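Numbering (the working numbering), first residue to last: 22 to 464.
Every residue gets a Cβ at the ideal spot worked out from N, C-alpha and C, and that includes glycine.
Just so you know, these numbers come straight off a predicted model, no measurement behind them.
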């Protein structure tokens, strides 16, 4: 704080000194006419007395009169000659001819026309008031210092609080926030710090939950693999034992596929959250997009003895998006619906005049209780009714859906359907068509 205070104080004092010098050397030349007129008014009586006094001493007597006058005045008086008057500018010479007092551009000399045509030149001598100037400037400097100290201290107090908050946050106290009053001049900076801290805290908490969920999800298939390998190692040589060994090998393969699916889902979610998944925006047909999704889940729907209805409507048949990612999101929602639907699933796509695309996947299953809806899109979160992995999946599908919607500038929501089941709605705003696609279409 002391170093910053000294720098600011020196900067202010240098600026003030430069301003004083600039005023002393520039103001009088800049406002010479105004200063001259002011001097004429202020010196009217003085000029009258001088003129009357010198008028009483004409000719040779005037030299003695000037010497006597000099003995009782601070100015240096003399009669100006033609050469000296010629150094004045035309405006000043005209004023002298008109009988007006003329002030020099440095305000040190003035010229007073006398009645007999001569011009009195008076040169002002500065009085030595150094001690007074020192005291005056010292008071100004001290008052400036007090003002700067008060201003810096007011800000430094709040900056110190913000610095302490940043220090505590860096030491791991993620709940630390900068508590500054709204009247503080750095309140907006503190608000930005608090918003940053909240985002970082949420990100770290999310990562911790992810790590916990990953560890939990990996334990089960790994344990089954270890158990299956142990059984294979202790298997006998009979035909019945060989059949059991083949079944165990198939179980091991299934567990490996499950691990591979889990790792794939984790990699996909990680790429989407980090923005590493490339966005391939293009103009796609909405109807063709949902038809392809319906074809992909047709076998699963048939296996569960469900019916899938598909509907596309709206004034705009096309939408700009990444069809691969949007199809992935719809597939996740449809597969999620097949786990809980009783008899039917609805897949709808609607567009409006503004270009917004609304994708809806609805089932007639038990639905999701309102208490669970706020967390349903969190990684590894499963509602209480679907804790089992074989019915509830890995708990990553809906998290991927939300991330895909966010990457497109949209959102995904969950509410109750008309049949009481879950209704997931993805809303994607209109996006500009890529220049490459536009040029290709034009070609």
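DSSP three-state call for residue i: helix, strand or coil?
i, result
"residue 447", "strand"
"residue 409", "Only weak support exists for where residue 409 lies, its pLDDT of 44 falling under 50; the coordinates are left without a value."
"residue 87", "helix"
"residue 344", "helix"
"residue 50", "helix"
"residue 277", "helix"
"residue 437", "strand"
"residue 130", "strand"
"residue 400", "coil"
"residue 198", "coil"
"residue 77", "coil"
"residue 66", "helix"
"residue 249", "helix"
"residue 207", "coil"
"residue 170", "helix"
"residue 385", "coil"
"residue 272", "helix"
"residue 217", "helix"
"residue 454", "coil"
"residue 39", "helix"
"residue 395", "coil"
"residue 120", "coil"
"residue 418", "helix"
"residue 320", "helix"
"residue 185", "helix"
"residue 176", "helix"
"residue 300", "coil"
"residue 375", "coil"
"residue 137", "coil"
"residue 150", "coil"
Going by the CB atoms, is the gap between residue j and residue i shorter than 7 Å?
i, j, result
"residue 382", "residue 368", "yes"
"residue 384", "residue 431", "no"
"residue 378", "residue 329", "no"
"residue 211", "residue 190", "no"
"residue 355", "residue 307", "no"
"residue 205", "residue 179", "yes"
"residue 166", "residue 74", "no"
"residue 315", "residue 370", "no"
"residue 276", "residue 242", "yes"
"residue 350", "residue 422", "yes"
"residue 438", "residue 446", "no"
"residue 467", "residue 36", "Nothing about residue 467 can be read from this structure; the chain reaches only from 22 to 464."
"residue 32", "residue 173", "no"
"residue 336", "residue 310", "no"
"residue 327", "residue 366", "yes"
Across which residues does DSSP place residue i in a beta bridge pair?
i, result
"residue 98", "143"
"residue 339", "306"
"residue 328", "365"
"residue 125", "BP columns for residue 125 are empty, so no partner."
"residue 370", "333, 380"
"residue 312", "Bridge partners of residue 312: none, in fact."
"residue 432", "448"
Given a threshold of 16 other Cβ atoms within 10 Å of its Cβ, counted over all protein chains shown, does residue i qualify as buried or as exposed?
i, result
"residue 80", "exposed"
"residue 412", "Residue placement at residue 412 is poorly supported in this model, since its pLDDT is 48, which falls under 50; the coordinates still yield a value, given next. Under this definition residue 412 is an exposed residue."
"residue 209", "exposed"
"residue 340", "buried"
"residue 225", "exposed"
"residue 203", "exposed"
"residue 201", "buried"
"residue 346", "buried"
"residue 436", "exposed"
"residue 48", "exposed"
"residue 444", "buried"
"residue 85", "exposed"
"residue 197", "buried"
"residue 361", "buried"
"residue 143", "buried"
"residue 285", "exposed"
"residue 429", "buried"
"residue 151", "exposed"
"residue 52", "exposed"
"residue 400", "buried"
"residue 123", "buried"
"residue 24", "exposed"
Of all the CB atoms in chain B, is at least one closer than 7 Å to the CB of residue i?
i, result
"residue 100", "Among the chains of the structure shown, chain B does not appear; only one protein chain is present."
With contact counted as at least three CB pairs below 8 Å, one residue from each stretch, are the stretch 157-164 and the stretch 109-116 in contact?
As far as the Cβ criterion goes, the stretch 157-164 does not touch the stretch 109-116, which means the pair count is below three.
Can you confirm whether the stretch 87-97 touches the stretch 33-44 when touching is taken to mean that 3 or more C-beta pairs between the two stretches lie within less than 8 Å?
no
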